[in-house]
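Each step along the sequence shown adds one to the number in UniProt numbering, with nothing skipped, and position 478 is 478.
Each residue gets a CB set at the ideal place from its N, CA and C atoms; glycine is no exception.
Okay, structure first, notes after.
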Amino acid sequence: MTTTPRQSRSRRLGPTLVLAFCALAVTLTALQLNYLSDDHLSYSLRSQHVPLNAQQVLNRCASLRAVPGPPTNFAAREESDRFEPGTNATLIQNARLWTGAYNGTEVLYGDIILDRGLIKEINTEGDRMRTSLASLRGHLNIVDAKGAWVTPGLVDLDSHLGIMSLPLLSGDLYDNQTGAFDLNSPNGPVLPSLRSVDALSTHDEAFQLAIAGGVTSAQILPGSANVIAGQAFMVKLRKTSERSASSMLLEPPPGLNGSAAHADSPRWRHLKQAAGENVMAYGTRMDTMWSYRAAYHEARKAKGLQDAFCEKAEAGLWESIGNFDFPEDFKYEMLVDVLRGKVKVSNHVNEIVDIDSLVRLSNEFEFPIASIHHAAEAYLVPDLLKRMWGGTPAVALLATNYRYKREAYRGSEFAPRVLVDNNVSVVMKSGHPATNGRYLMFEAQQAHYYGLPPPLALSSVTSAPAHAAGVGHRIGRLAEGHDADIVLWDSHPLQIGATPAKVWIDGIVQIPVPPKTGQSDSPVKVGVGKEDAKWNRVPSVPNWDEEREKAVEWEGLPPLGSKGSKGIQDKVIFTSVADVWVKSAEGVVQAKVSGQEGLGVVVVEDGTIVCSGTSLSCTPANAEGDYTFVDLDGGSISPGLMTFGSSLGIEEIQSEPSTGNGMLTNPLLTNLPKIFGDVGGVFKAMDALQFGTRNALIAYRSGVTAGTVSLRQDTMSSGSIISGLSTTFRTGAAHGMDRGAIVQNVAALHVTLARPPPLSGHARKSSVSVSEQFGTLRRLLWGFEPKETQTGLWFSKAMEGQIPLVIEVHNADIMSSLLKLKAETEERWGTTIRMVFSGATEAHLLAQEINRAGVGVILSPLRPHPTTWDQRRILAGPPLSNDTALIVLIENGVTVAIGVNEAWQAQSARLDLAWASIESNGRIDQQKAYSLATTNLEKLLGIVNSPDDATDLVAYRGGSLFDLSSKVVAVLSPARGAVDVL
Numbered sequence: 001m002t003t004t005p006r007q008s009r010s011r012r013l014g015p016t017l018v019l020a021f022c023a024l025a026v027t028l029t030a031l032q033l034n035y036l037s038d039d040h041l042s043y044s045l046r047s048q049h050v051p052l053n054a055q056q057v058l059n060r061c062a063s064l065r066a067v068p069g070p071p072t073n074f075a076a077r078e079e080s081d082r083f084e085p086g087t088n089a090t091l092i093q094n095a096r097l098w099t100g101a102y103n104g105t106e107v108l109y110g111d112i113i114l115d116r117g118l119i120k121e122i123n124t125e126g127d128r129m130r131t132s133l134a135s136l137r138g139h140l141n142i143v144d145a146k147g148a149w150v151t152p153g154l155v156d157l158d159s160h161l162g163i164m165s166l167p168l169l170s171g172d173l174y175d176n177q178t179g180a181f182d183l184n185s186p187n188g189p190v191l192p193s194l195r196s197v198d199a200l201s202t203h204d205e206a207f208q209l210a211i212a213g214g215v216t217s218a219q220i221l222p223g224s225a226n227v228i229a230g231q232a233f234m235v236k237l238r239k240t241s242e243r244s245a246s247s248m249l250l251e252p253p254p255g256l257n258g259s260a261a262h263a264d265s266p267r268w269r270h271l272k273q274a275a276g277e278n279v280m281a282y283g284t285r286m287d288t289m290w291s292y293r294a295a296y297h298e299a300r301k302a303k304g305l306q307d308a309f310c311e312k313a314e315a316g317l318w319e320s321i322g323n324f325d326f327p328e329d330f331k332y333e334m335l336v337d338v339l340r341g342k343v344k345v346s347n348h349v350n351e352i353v354d355i356d357s358l359v360r361l362s363n364e365f366e367f368p369i370a371s372i373h374h375a376a377e378a379y380l381v382p383d384l385l386k387r388m389w390g391g392t393p394a395v396a397l398l399a400t401n402y403r404y405k406r407e408a409y410r411g412s413e414f415a416p417r418v419l420v421d422n423n424v425s426v427v428m429k430s431g432h433p434a435t436n437g438r439y440l441m442f443e444a445q446q447a448h449y450y451g452l453p454p455p456l457a458l459s460s461v462t463s464a465p466a467h468a469a470g471v472g473h474r475i476g477r478l479a480e481g482h483d484a485d486i487v488l489w490d491s492h493p494l495q496i497g498a499t500p501a502k503v504w505i506d507g508i509v510q511i512p513v514p515p516k517t518g519q520s521d522s523p524v525k526v527g528v529g530k531e532d533a534k535w536n537r538v539p540s541v542p543n544w545d546e547e548r549e550k551a552v553e554w555e556g557l558p559p560l561g562s563k564g565s566k567g568i569q570d571k572v573i574f575t576s577v578a579d580v581w582v583k584s585a586e587g588v589v590q591a592k593v594s595g596q597e598g599l600g601v602v603v604v605e606d607g608t609i610v611c612s613g614t615s616l617s618c619t620p621a622n623a624e625g626d627y628t629f630v631d632l633d634g635g636s637i638s639p640g641l642m643t644f645g646s647s648l649g650i651e652e653i654q655s656e657p658s659t660g661n662g663m664l665t666n667p668l669l670t671n672l673p674k675i676f677g678d679v680g681g682v683f684k685a686m687d688a689l690q691f692g693t694r695n696a697l698i699a700y701r702s703g704v705t706a707g708t709v710s711l712r713q714d715t716m717s718s719g720s721i722i723s724g725l726s727t728t729f730r731t732g733a734a735h736g737m738d739r740g741a742i743v744q745n746v747a748a749l750h751v752t753l754a755r756p757p758p759l760s761g762h763a764r765k766s767s768v769s770v771s772e773q774f775g776t777l778r779r780l781l782w783g784f785e786p787k788e789t790q791t792g793l794w795f796s797k798a799m800e801g802q803i804p805l806v807i808e809v810h811n812a813d814i815m816s817s818l819l820k821l822k823a824e825t826e827e828r829w830g831t832t833i834r835m836v837f838s839g840a841t842e843a844h845l846l847a848q849e850i851n852r853a854g855v856g857v858i859l860s861p862l863r864p865h866p867t868t869w870d871q872r873r874i875l876a877g878p879p880l881s882n883d884t885a886l887i888v889l890i891e892n893g894v895t896v897a898i899g900v901n902e903a904w905q906a907q908s909a910r911l912d913l914a915w916a917s918i919e920s921n922g923r924i925d926q927q928k929a930y931s932l933a934t935t936n937l938e939k940l941l942g943i944v945n946s947p948d949d950a951t952d953l954v955a956y957r958g959g960s961l962f963d964l965s966s967k968v969v970a971v972l973s974p975a976r977g978a979v980d981v982l
């Protein structure tokens, strides 16, 4: 073997020198292991082949241990990262400031200064202002609040603004087969790398509507159809000068927009997960939990590899690492951050079984859940929530939106109070567009009505959601150094109808809406009719202790039958009655009951009022033994309300076909079976009535004693355009054979006309053109179907004016064509059609023409929402417009009533009437408001009732139907010959 010169020299050195060199190498390695500072880095690079990206790797490893939160100097910042140069400072003087501090109990009286996107100073009465106003002279806007309430901007923890943009259009669909929206992905159950910001449309018309409700920030979540749906983002709703979705983000997490991870102050990331019915396209509940566990197992393995890599790198063992690239599985990197406690996880979940599974998952993989959403049954298991790893999650709820599907069937309006009584943080949210995101404060108002204490009700839409999302250091409270997101209200925020007079986001005024070039600058009036001091007070509410306890005792299904705790009574004396509202030929009128201190008694026998007046003049001699006494405590008695427009009385659970009537066949798409003997298929809703549904009974206990229902189906479906013959029933009846259960067998004939819903691909073949719908309606009204058929018979009755023709229609252009068809038909046949537009979102555009044609309108819903193209031209009302559709129609002489779209909404009819009166700026008094859900609705639907002998009356304790202080305690029914004491 040939020996090289190097080998020869080495051999000549001898074993002693070789050992010495080895000892030196060991020593150098030890030094490198013990000293990894910058001083020794260059030496380490020479001795251990340290990679060139060593410092980058070490920084990355250090960042893994960093806890998300604001930088240490955050409170000292002089300018917001969202500040728009050129923005004036603002001084709000003489304000009543609800700060959100001390668990929502702190209220200060004084001034607040907004500057450079921040709350610069809060100055209470008598304090010396620290900010030099002289330095802001010429760049300062001054607003005198005149004692009005100022709160932080509202924070919506559960919203799909921008990723389910309104109006809904086919361009937002991702799947030609199912027609699902850009909200969810069809590509599997576990998709943690998807990001909602990638689908965020800044053109969503709902952004401005939400701001008009005082909402300034929202967590934009992917949908709930995937087990792990992807990354969510906190967004400010103000459209920036850049106009991009990225510029609307609040604290973008590392890696977004090219931002790097900061070891000292990483920002929170946000993730959406779901369990239960919503994700069952990917399997059963067992499949769901396996999807979770399999995904987090992979994430845990990835985390373990990273930890091992960093342990070696930080020990200087570079040569043992091999590949110097940081080990990362891009698909699971978000879940790795979840396991590291760097992510605020929002979990859609409803039932106890799913909550329990989520608690187990959290403990198995040791990661916290920041908030659970919808959470219909969470109030039944507060102790289970407390076993979540890392702490109890916040529970994000809707106030009354329950029973629309099986897993929400046991939900309760008392849930917020039950949870806070068990020290669980409650957040009220919108789930927009599940409910209208503009009315987030309405959710808090209803929660307060059902028992949530005022400070916590306000916190539930401000500080509580901000804290749950990890951004409580800058939004959700009024505090110096926080973002200048502010709402100035026209009344106490918990008053029904409370409206923002001014809204600032980042110190920039959003409400009133700054006029655009060429647009008139006519001011919108806000707060008219709220001059009385009572509007600035927290509204008092009834005591619901008994109902709340029963809701828990019965696991969400307390008895709701017509027999209350005192049962059905034939003789009742109501005491401390302030007034009685009665029907007359002119509508609903109010009569004072004269008695001591303005309060009197009302004696009822067999459901009929036999005397009202003083105790001396009305109380029978044998009253103590024969009569049940009910103290109304200054309350009132008034006609029961009617609901219309939903499936109330036809189905128990909206999304459960097995609990309803089923979908009608559309005769324009499929020929009806010959056995029907009827080409059109006109059927009676009375045949499909269900009594004792929970929605009906809850509505009954809320003052809604009657319902008129057709076989109407959602206009987004492909059901029949002929919705059949409606029927009117009593919501409190036990069954169809119960005395007085059916008020009227047939009320009106119903049809639906609309543009095709947003569909794609082959789904479009299941829709019918507008011209085909008109051609069909014209043919039917002109008598081309023989009267021997049900279709021919009832459309001839509608043409002759014997029965109302109620047409569900939202678009003004279609309404215009219907008015022409009406005139054409009446001229041809010499009849008068009793036409009514239901839905009628755009009816205000044709108010004069509708009045001249003698057409009535049922607005459903009262507060509009531009869900589809047919509904896009809404009249939003204050603070965006002085008028509402309701006001415009009434002032043009149109007979107007109101309805609802979904059965769970019926219980809030009284709040809708109160809202209608308040929002009108004094133009709709309570008497007119009453008629919207009583006499006007009956007239339009053809309900034949004499004012006295068939009208149910409702007794309210603690106030009238319009007062948040009142609750229903009895129903007086002449037709049933009894009083139902609840």
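Under a CB-based cut-off of 8 Å, is residue i close to chain B?
i: SER193; result: Included in the structure is just one protein chain, with no chain B present.
Going by DSSP, name the residue or residues bridged to residue i.
i: LEU749; result: LEU725, LEU805
i: GLY117; result: According to DSSP, GLY117 bridges with nothing at all.
i: HIS373; result: HIS348, ALA396
i: ILE112; result: ILE92, ILE122
i: ILE675; result: Paired residue(s): none; ILE675 is not in a bridge.
i: PHE233; result: ILE220
i: SER605; result: Correcting the residue type first, residue 605 is Glu in the shown sequence and not Ser. According to DSSP, GLU605 bridges with LYS571, THR608.
For residue i, tell me which candidate among the options has the shortest Cα-Cα distance.
i: GLU772; options: LEU793, LYS787, PHE784, ALA754; result: ALA754
i: THR951; options: GLY322, GLU84, PRO974; result: PRO974
i: SER185; options: GLY223, ALA378, ILE372; result: GLY223
i: LYS530; options: SER291, ASP325, PHE795, GLY497; result: GLY497
i: GLU277; options: PRO51, ASN226, PRO253, ARG267; result: ASN226
i: residue 1010; options: ALA933, GLU849, GLN231, VAL235; result: Beyond the ends of the chain as shown, which are 1 and 982, falls residue 1010; an answer cannot be given.
i: LEU91; options: HIS139, SER357, ARG701, TYR450; result: HIS139
Keeping to the same chain, check which residues put their C-beta closer than 6 Å to that of residue i; ignore five residues upstream and five downstream.
i: VAL343; result: ARG269, LEU271, ASP337
i: ARG739; result: ARG976
i: ALA466; result: VAL155, GLY472, ILE475, GLY476
What distance in whole Å lies between the Cβ atoms of residue j and residue i, which are believed to be in contact at a cut-off of 8 Å?
i: ALA375; j: VAL395; result: 5 Å
i: residue 985; j: ILE874; result: This structure does not reach residue 985, given that the chain is present from 1 up to 982, and the question cannot be answered.
i: ILE858; j: GLY893; result: That pair is no contact at about 16 Å.
i: ARG238; j: ASP483; result: Going by Cβ atoms, the distance from ARG238 to ASP483 rounds to 11 Å, so no, they are not a contact pair.
Can you look up residue i in the DSSP assignment and give me helix, strand or coil?
i: GLY437; result: helix
i: TYR930; result: helix
i: SER346; result: strand
i: LEU19; result: Unreliable placement is indicated for LEU19, whose pLDDT of 44 sits below 50; the coordinate value is still reported in the next sentence. Reduced to three states, the DSSP call for LEU19 is helix.
i: ASN695; result: helix
i: LEU140; result: strand
i: LYS705; result: Rather than Lys, the amino acid found at residue 705 in this sequence is Thr. Of the three classes helix, strand and coil, the one that applies to THR705 here is strand, per DSSP.
i: PRO639; result: strand
i: ASP127; result: coil
i: TRP290; result: helix
i: GLY613; result: strand
i: GLN690; result: coil
Given residue i, which residues of its chain have a CB within under 8 Å of its CB, disregarding the five upstream and five downstream residues?
i: GLY598; result: ALA578, LYS592
i: ILE833; result: LEU781, ALA798, MET799, GLY801, LEU805, LYS822, THR825, GLU826
Looking only at its chain, what residues have a beta carbon closer than 7 Å to the beta carbon of residue i, apart from the 5 residues adjacent to it on each side?
i: PRO493; result: TRP149, THR151, MET441, LEU458
i: CYS61; result: CYS310, ALA313, GLU314
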